[in-house]
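*Asks:* Next up is a structure, given as structure tokens.
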Amino acid sequence: MAQVAVDVLPAAPARPATRRGAGRGDAIFAGLCRAAAVLVLVLLGAIIVELFLGGLPAFRAFGAAFLASTEWDPVGDLYGAGVPIYGTLVTAVLALLLAVPVAFGIAFFLTELAPAWMRGPVGTAIELLAAVPSIIFGMWGFFVIVPLMAGTVQPAIIDTLGEAPLIGDFFAGPPFGTGLFTAALILAIMVLPFIAATMRDVFLQVPGVFKESAYGLGATRWEVMRRVVLPYTRVSVVGGIMLGLGRALGETMAVTFVIGNANRIATSLFGPGNTIASLVALEFGESASGSLKLASLLALGFILFVISFAVLALSRWLLRARTGA
Amino acid sequence: MPATTIPSVPGRAKDPRAAAALGRRRARVDTAIRLLCTAATLLGLLFLVSILATLVWKGAGGLSLRVFTDVTKPPGSGGGLLNPIVGSLIQVVLATLLGTPIGLLVGTYLAEYAGNSRFGTTVRFVSDVLLSAPSILIGLFVYQFLVLPFGGFSGWAGVVALAIIVVPVVVRTTEDMLRLLPNTLREAVIGLGAPKWKMIVLVCWRAATSGILTGVLLAVARIAGETAPLLFTSLGNLNWSVNLAQPMSSLPITIYAYAGSPYEDWITLAWTGALVITLGVLGLNIVARAVLRARG
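Quick note, the sequences are listed as chains B and H, same order.
Following the UniProt record's numbering, the numbering of the first sequence begins with 1 at its first residue and continues without gaps.
Following the UniProt record's numbering, the numbering of the second sequence begins with 1 at its first residue and continues without gaps.
Right under this line is the structure:
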């Protein structure tokens with residue numbers, strides 16, 4: 001039988017020709033796809049190398065002290081990354097503290113509490129918030145949030161928490177309206193939809209049987225969330241929060257409008273400051289090409305890339321642990 | 001055996017009054033948290049409404065035909081946003097044309113060729129990281145890579161920066177959409193004797209068209225409002241120019257410059273531009289969702 005089959009197959013004459021043609025087409029197409037995939041890796045490598053090379057003069061001039069120095073003196077041509085790194089970390093972490101509880105509330109509402117007809121439209125509206133361009137958040141923040149902070153919120157907090165022992169210093173000082181806290185608030189609103197959408201998606205992955213079992217035992221909705229859904233999705237929830245952190249670290253335009261643009265470390269959260277991204281955006285126009293200042297800005301870009309790459313990589317790894325095969 | 005386990009139930013729950021109190025407490029906690037979560041959702045919606053209301057309030061008054069037909073002029077002499085709008089359209093369209101094919105090929109590679117190979121996993125991971133990477137860094141990179149070596153700011157540099165942002169968005173949706181296709185479809189095509197590339201181009205891409213289109217629309221919406229990468233690449237241009245080798249005007253950069261200016265009419269134009277761009281971006285998002293849903 002086998003002998004017959006082997007004899008018969010080559011007898012069809014057209015077949016080898018089409019096979020070879022198809023093979024070439026396949027090879028070309030697969031090569032194209034593969035080349036595009038390689039390009040993505042090359043792109044990442046090029047970004048890292050170019051930012052590092054651009055910042056190299058600053059790293060050479062100031063050494064490792066660049067990371068900690070709080071100097072930013074264009075007149076004396078002395079630069080350090082301390083102030084913007086501090087501003088970036090403080091605003092991003094504060095933004096998460098503000099955003100995570102609200103994002104969790106939205107995700108809980110959208111997956112367990114809202115009636116079915118409401119979930120689609122409300123979910124879409126929250127996702128649209130994520131689509132609003134960064135610069136619009138900046139203008140809105142400057143026009144709506146800053147006066148609100150200066151006129152109402154900050155005076156109230158300064159009069160109460162500002163007097164408190166130990167933590168008082170964080171909430172002291174004049175109510176400028178702009179500053180680290182306002183920047184964090186805007187960032188919180190901007191990352192809110194990303195975190196909420198990720199949480200909603202992972203909450204929806206919990207098998208219905210698990211929840212039904214808990215409901216069957218008489219658990220309330222909150223108990224099901226607390227004892228069943230959250231433990232099951234814990235890793236992915238942290239991944240979603242990290243995704244928000246990655247976004248908050250690099251946001252530029254919105255922060256630029258409300259940060260107050262000051263290159264010193266303010267003890268008060270209401271004081272003005274700068275983040276890496278806002279400093280680069282604000283100072284770039286006044287930096288001549290080839291100057292040490294421009295190199296310092298590129299060095300700051302490299303530092304921001306390393307920080308946000310680490311955070312985003314962690315986020316992807318955590319999110320993949322659950323969703324990936 | 002069963003008789004011995006029953007007394008091990010905590011005493012508190014056996015007391016009917018304590019059990020009822022516990023039940024009431026649990027119900028109260030549940031109600032409080034449900035109210036808080038509903039309030040959180042309302043707060044989220046309030047932000048969106050407040051942003052839209054502010055834009056309409058500040059920007060709608062400046063809306064007129066002049067905005068779309070007149071070029072930018074010095075403060076106090078009227079003027080519109082024609083050159084920023086045209087500049088933005090040119091850069092966004094070219095960036096989409098440049099970024100989409102690359103993203104499409106990468107997404108296809110990940111879905112149809114890579115499987116769970118080490119290389120495929122790495123590319124997927126890097127693309128996902130680039131998806132969320134700060135856009136200002138893309139701008140700085142293109143500045144180092146194209147602007148400095150090739151003699152200055154240009155529309156092309158802006159196009160490349162925006163295209164780099166397009167790629168990972170298209171990669172993600174393309175791969176997701178191709179993975180949703182049933183394997184029986186692929187088996188049927190291969191079973192007819194078609195080569196793999198024909199299966200992908202003629203059948204898989206076509207079956208996933210609406211999904212891929214959604215990704216492209218979302219990418220367009222994303223880059224239309226991007227400001228930070230353009231600061232270092234196409235820079236902005238207050239004069240009429242469609243020359244891509246020169247600095248090029250764009251709507252977000254013009255809004256940024258005008259909003260920070262001390263001139264009343266420029267600030268009004270900035271709000272009008274902000275209204276236009278936001279409506280455009282949100283509209284694109286809604287269309288993208290509708291396209292995806294129409295697939296059924």
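Beta carbons: idealized from backbone N, C-alpha and C, even for Gly.
Go through its chain and collect everything with a Cβ distance to residue 297(H)'s Cβ below 7 Å, but skip five positions before and after it.
*Replies:* With chain H represented from 1 up to 296, any question about residue 297(H) goes unanswered, as that position is not in the structure.
*Asks:* Just the Cα atoms here: how many angstroms apart are A299(B) and L56(B)?
*Replies:* Residue 299(B) sits at position 299 when you count from the first residue of the first sequence. Residue 56(B) sits at position 56 when you count from the first residue of the first sequence. The alpha-carbon atoms of A299(B) and L56(B) are separated by roughly 7 Å.
*Asks:* Count the other C-beta atoms from every protein chain shown that fall within 10 angstroms of the C-beta of D128(H), then say buried if there are 16 or more, exposed otherwise.
*Replies:* Stepping through the second sequence from its first residue, residue 128(H) is reached at position 128. D128(H) comes out buried.
*Asks:* Any idea if V224(B) is buried or exposed, counting beta-carbon neighbours within 10 angstroms, 16 or more meaning buried?
*Replies:* Here residue 224(B) corresponds to residue number 224 of the first sequence, with the count starting at 1. Buried, by the Cβ-count rule.
*Asks:* Would you say the beta carbon of L148(B) is closer than 8 Å to some non-hydrogen atom of the ligand MN?
*Replies:* Among the components of this structure there are no ligands whatsoever, and the ligand MN is therefore not found.
*Asks:* Opposite M248(H) in the DSSP bridges: which residues?
*Replies:* Sequence index remark: in the second sequence, residue 248(H) carries index 248 (1-based). DSSP lists L235(H) as partners of M248(H).
*Asks:* Got a sec: is the Cβ-Cβ distance from A325(B) to anything in chain H below 9 Å?
*Replies:* Along the first sequence, read from residue 1 onward, the residue named residue 325(B) stands at position 325. Confidence in A325(B) is poor, its pLDDT being 32 and thus under 50, which makes the residue's placement unreliable; the coordinate value appears in the next sentence. Yes, A325(B) counts as interfacial toward chain H.
*Asks:* Tell me the DSSP secondary structure of D169(B) in three-state form.
*Replies:* Sequence index remark: in the first sequence, residue 169(B) carries index 169 (1-based). In this structure, D169(B) counts as helix in the three-state DSSP scheme.
*Asks:* How many angstroms separate the CA atom of L140(H) from the CA atom of S291(B)?
*Replies:* On the second sequence, residue 140(H) is found 140 positions in, with the first residue counted as 1. On the first sequence, residue 291(B) is found 291 positions in, with the first residue counted as 1. Roughly 15 Å between the two C-alpha positions.
*Asks:* When the cut-off is 9 Å and only beta carbons count, does D30(H) lie next to chain B?
*Replies:* In the second sequence, the residue the question calls residue 30(H) occupies position 30. So, interface residue.
*Asks:* What are the boundary residues of the alpha helix (DSSP H) that includes S177(B)?
*Replies:* Position 177 of the first sequence, counted from the start, is the residue given in the question as residue 177(B). At residue 177(B) the sequence reads Gly, which differs from the Ser that was named. First-last for G177(B): undefined, no H or E at that position.
*Asks:* Around the C-beta of L178(H), are 16 or more other C-beta atoms found within 10 angstroms, so that it is buried, or is it exposed?
*Replies:* Numbered from 1 along the second sequence, position 178 holds the residue referred to as residue 178(H). L178(H) is buried by the Cβ-count criterion.
*Asks:* Excluding five sequence neighbours on each side, which residues of the same chain lie with their C-beta closer than 6 Å to the C-beta of L244(H)?
*Replies:* For the purposes of this step, residue 244(H) is taken as the residue at position 244 of the second sequence. Within the same chain, L244(H) has close Cβ partners G155, W156.
*Asks:* Whose C-alpha, out of L148(H), I164(H), W205(H), is nearest the C-alpha of E175(H)?
*Replies:* Position 175 of the second sequence, counting from 1, holds the residue named residue 175(H). With distances taken between Cα atoms, E175(H) lies closest to W205(H).
*Asks:* Reducing DSSP to helix, strand and coil, say where D73(B) ends up.
*Replies:* As a working mapping, residue 73(B) is identified with position 73 in the first sequence. If DSSP states are grouped into helix, strand and coil, D73(B) belongs with the strands.
*Asks:* With DSSP collapsed to three states, give me the class of Y215(B).
*Replies:* Your numbering for residue 215(B) matches position 215 in the first sequence. If DSSP states are grouped into helix, strand and coil, Y215(B) belongs with the helices.
*Asks:* Report the residues of the segment 110-132 of chain H with a CB closer than 8 Å to any CB of chain B, ordered along the chain.
*Replies:* Cβ contacts with chain B: L110, E112, Y113, A114, N116, F119, G120, T122, V123, F125, V126, S127, D128, V129, L130, S132.
*Asks:* Could you tell me the distance, in whole angstroms, from the CA atom of I200(H) to the CA atom of V191(B)?
*Replies:* As a first step, residue 200(H) is located in the second sequence; it is residue number 200 there, counting from the start. As a first step, residue 191(B) is located in the first sequence; it is residue number 191 there, counting from the start. Each residue's Cα considered, the two are about 37 Å apart.
*Asks:* Provide the residue span of the alpha helix (DSSP H) that contains I135(B), from first to last.
*Replies:* Your numbering for residue 135(B) matches position 135 in the first sequence. It spans 134-140 - the alpha helix (DSSP H) in which I135(B) sits, taken as one unbroken run.
*Asks:* Go through its chain and collect everything with a Cβ distance to I6(H)'s Cβ below 8 Å, but skip five positions before and after it.
*Replies:* In the second sequence, the residue the question calls residue 6(H) occupies position 6. Its pLDDT being 45, under 50, I6(H) is placed unreliably in this model, and the coordinates cannot settle the point.
*Asks:* Taking 9 Å as the threshold (C-beta atoms), are A95(B) and A248(B) in contact?
*Replies:* Position 248 of the first sequence holds residue 248(B). Position 95 of the first sequence holds residue 95(B). In this structure, A95(B) lies closer than 9 Å to A248(B) by Cβ.
*Asks:* For I126(B), which of S236(B), Y215(B), A27(B), I189(B) has the nearest alpha-carbon?
*Replies:* For the purposes of this step, residue 126(B) is taken as residue 126 along the first sequence, with counting starting at 1. The residue with the shortest Cα to Cα distance from I126(B) is I189(B).
*Asks:* Going by the CB atoms, is the gap between G177(B) and M149(B) shorter than 9 Å?
*Replies:* Numbered from its first residue, the first sequence carries residue 149(B) at position 149. Numbered from its first residue, the first sequence carries residue 177(B) at position 177. Yes.
*Asks:* What's the C-alpha gap between A58(B) and G80(B)?
*Replies:* As a working mapping, residue 58(B) is identified with position 58 in the first sequence. As a working mapping, residue 80(B) is identified with position 80 in the first sequence. The straight-line gap from Cα to Cα measures roughly 9 Å.
*Asks:* Reducing DSSP to helix, strand and coil, say where Y256(H) ends up.
*Replies:* Counted from its first residue, the second sequence places residue 256(H) at position 256. Helix, per DSSP.
*Asks:* Determine which residues share a DSSP beta bridge with L78(B) and list them.
*Replies:* Within the first sequence, numbered from 1, the residue matching residue 78(B) stands at position 78. Its beta-bridge partners are D73(B).
*Asks:* Classify W117(B): buried if its beta carbon has 16 or more other beta carbons within 10 angstroms, exposed otherwise.
*Replies:* Mapped onto the first sequence, residue 117(B) falls at position 117. Per the 10 Å Cβ criterion, exposed.
*Asks:* According to DSSP, simplified to helix, strand and coil, what is P101(H)?
*Replies:* Within the second sequence, residue 101(H) is the residue found at index 101, counting from 1. DSSP places P101(H) in helix when its eight states are reduced to three.
*Asks:* According to DSSP, is Q205(B) part of a helix, a strand, or is it coil?
*Replies:* Locating residue 205(B) in the first sequence gives position 205, counting from the first residue. Coil.
*Asks:* Does DSSP put T278(H) in a helix, in a strand, or in coil?
*Replies:* Residue mapping note: residue 278(H) aligns to position 278 of the second sequence, counting from 1. In the structure shown, T278(H) sits in a helix (DSSP, three-state: H, G or I).
*Asks:* At the level of alpha carbons, what is the spacing between G293(B) and P74(B)?
*Replies:* The residue given as residue 293(B) occupies position 293 in the first sequence. The residue given as residue 74(B) occupies position 74 in the first sequence. With the sequence shown as reference, residue 293(B) is identified as Lys, and Gly is not the correct amino acid for it. Rounded to whole angstroms, K293(B) to P74(B) spans 7 Å at the Cα level.
*Asks:* The alpha helix (DSSP H) spanning G59(H) covers which residue range?
*Replies:* By 1-based counting over the second sequence, the position of residue 59(H) is 59. Run containing G59(H): 16-59, per the alpha helix (DSSP H) assignment.
*Asks:* For A196(B), which residues of its own chain have a beta-carbon under 7 Å away from its beta-carbon, when the five flanking residues on both sides are left out?
*Replies:* On the first sequence, residue 196(B) is found 196 positions in, with the first residue counted as 1. Within the same chain, A196(B) has close Cβ partners A103, I106, A107, I126.
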